[in-house]
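Numbering (the UniProt record's numbering), first residue to last: 1 to 362.
Quick reminder that beta carbons are idealized off the backbone N, C-alpha and C, glycines included.
Small disclaimer: the values here were computed from a predicted structure and weren't measured.
Scroll down for the structure; my scribbles are underneath it.
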């Protein structure tokens, strides 16, 4: 173990493997990154506090250190990503991977693999992408730009009104448009992510890597304009450094407050609310899942069962290795013997909600 690994080992998410099995590699990678990033921030945090008590002459050193720190952190994180990709078996993901669970098409023999798989013309996916999705994304970017201009117009209007009344042109009231705009940016991001997911799903990409790549591209294009265009507009068009400072401060505080509430407080509130709910009705169902060994298959089953509030379901063709009991989120999967090449699975398997275990067995 080298020095960088020794420093950051404890920052790895303790439940990364459990998260990966339930939510998939992307979510597990996110929480692993949070652990690495939070731990790596300890050093600049300490130096930042020292810079506050020292003279301003140390600012140049602090800036140089931040540049070096970011460079080292990115290189260490690249190594960790390669390690995780090798461990999780995603380092060789290509367009020849297995079709993702939500891939739609006419069943037929694949010309490359020779297997019976869904077939969907690639030109239809490209037509949907460039003729429908791309114009919608550009339209959303233009709309976000005009929302930003409306915020500046409202702020300028308030300043002029206070000057006409002989009042101070500074204070919380003047910053109110920036505060509302920062909250609105977060809301727009939230709804746009839903739109981007729906558009990418509708485009019907074959593999999970293709789906993720096109969804991320849509998010980057819009969120760059929505999150950062106001800062570029102030810095290079208005050229008001004082206004830029206030805008950046307000956006960082609002974003951080919302993110902390969403990631730390809201899950606790949902958990407390769920414990108080006593649902005595058992919901039964059957489902031919056609395989659970593929990446995302288990996650999809858990999400669909939770969405329909199913407590007990018989599933067919899971095609898992061996037999036994496996936990998928709030459910327990009882599965029988299959073969090692994932082509044959037992005819009937049981998925039972853990909270209903005693009720069913009674």
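- Put simply, the backbone Cα of residue 285 is about 32 Å away from that of residue 210.
- The C-beta of residue 230 has 16 or more other C-beta atoms within 10 Å across all chains shown, which makes the residue buried.
- Its chain contains 118, 119, 120 as the residues whose beta carbon lies nearer than 8 Å to that of residue 106, once the 5 sequence neighbours on both sides are disregarded; these appear in chain order.
- Contact check between the stretch 214-224 and the stretch 195-202: three or more CB pairs, one atom from each, fall below 8 Å, which counts as touching.
- When only Cα atoms are considered, residue 225 and residue 137 end up about 11 Å apart.
- Positions of the alpha helix (DSSP H) runs, each at least 4 residues long and wholly inside the stretch 208-273, are given as 208-233, 241-260 in order along the chain.
- Segment contact: the stretch 189-197 against the stretch 77-90, fewer than three CB-CB distances shorter than 8 Å; contact not assigned.
- Annotation for residue 325: the continuous beta strand (DSSP E) segment containing it runs 324-328.
- If you check the CB distance, residue 204 and residue 103 come in under 9 Å.
- Residue 195 sits close to residue 140, with the two beta carbons spaced by under 9 Å.
- Taking C-beta separations shorter than 7 Å and ignoring five residues to either side along the sequence, the partners of residue 179 in its chain run 250, 254, following chain order.
- Residue 39 sits away from residue 80, with the two beta carbons spaced by 9 Å or more.
- Assigned with DSSP and collapsed to three states, residue 108 falls in strand.
- Residue state for residue 117 is assigned as strand, using DSSP reduced to three classes.
- DSSP places residue 51 in the uninterrupted alpha helix (DSSP H) bounded by 42-53.
- Contact annotation, residue 34 with residue 84: C-beta distance approximately 14 Å; criterion of less than 8 Å not satisfied.
- The C-beta of residue 333 has 16 or more other C-beta atoms within 10 Å across all chains shown, which makes the residue buried.
- DSSP places residue 131 outside any alpha helix (DSSP H), giving it a letter other than H or E.
- Between residue 177 and residue 154 the beta-carbon gap is near 4 Å, inside 8 Å, which marks them as a contact.
- Contact between residue 50 and residue 65 does not hold, since the beta-carbon distance rounds to 11 Å and is not under 8 Å.
- With a contact defined as Cβ atoms closer than 8 Å, residue 193 and residue 221 miss out at about 13 Å.
- Our two residues, residue 162 and residue 149, have alpha carbons roughly 20 Å apart in a direct line.
- Counting only the Cα atoms, residue 245 lies some 59 Å from residue 115.
- Boundaries of the alpha helix (DSSP H) around residue 71: 59-88.
- Assignment of residue 177 by DSSP, reduced to helix, strand and coil, places it in the helix class.
- Separation of the CB atoms of residue 234 and residue 247 is rounded to 6 Å, and the pair is thereby assigned contact status at 8 Å.
- A check of alpha carbon separations from residue 124 across 206, 302, 304, 166 identifies 206 as the nearest.
- For residue 100, there is no enclosing alpha helix (DSSP H), since its DSSP letter is neither H nor E.
- Counting along the chain, the unbroken alpha helix (DSSP H) around residue 19 starts and ends at 16-23.
- When only Cα atoms are considered, residue 70 and residue 228 end up about 20 Å apart.
- Within the same chain, no Cβ atom closer than 7 Å to the Cβ of residue 61 is found once the five residues on either side in sequence are excluded.
- The beta-carbon distance between residue 100 and residue 239, rounded to whole angstroms, is 48 Å. This is too long to meet the 8 Å contact definition.
- For the set 98, 108, 37, 44, the Cα lying nearest the Cα of residue 75 is the one of 37.
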